[in-house]
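Residues in the sequence shown are numbered consecutively from 19, following the numbering used here. We put the beta carbon where it would ideally sit given N, CA and C, even for glycine. Accompanying notes for the structure given below.
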Amino acid sequence: MINRDQQDKEIAVERMKIFKEELSHWPEYDYVVINNDLQICYKKILEIIDIEEKDQKFDYKNGNIKKKVEELLSEV
19 MINRDQQDKE IAVERMKIFK EELSHWPEYD YVVINNDLQI CYKKILEIID IEEKDQKFDY
79 KNGNIKKKVE ELLSEV
């Protein structure tokens with residue numbers, strides 16, 4: 019995106035501002051699924067739904083959310 023014309027660069031900057039704001043809310047959620055790989059993401063969502071339907075709690079490491087937030091914020 020950055021290698022495009024000036025208008026595209028401005029759009030990229032605005033999108034990153036929005037991303038940073040959204041990212042700051044991740045710790046408020048019970049689950050965050052990062053879509054780096056569609057099949058893995060899909061399976062993870064199904065697994066969470068299946069466990070929640072059984073009134074169990076998915077063993078999700080919220081520390082992983084915090085770690086990923088910090089990692090992504092350092093890149094922004």
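The Cβ-Cβ distance between V51 and I69 does not fall below 7 Å. Judged by DSSP secondary structure, I69 falls within the alpha helix (DSSP H) whose first and last residues are L56 to E71.
Judged by DSSP in its simplified three-state form, Q74 adopts coil rather than helix or strand. One alpha carbon belongs to A30, the other to I66, and they sit about 32 Å apart. For V31, the enclosing alpha helix (DSSP H) covers residues Q24 to L41.
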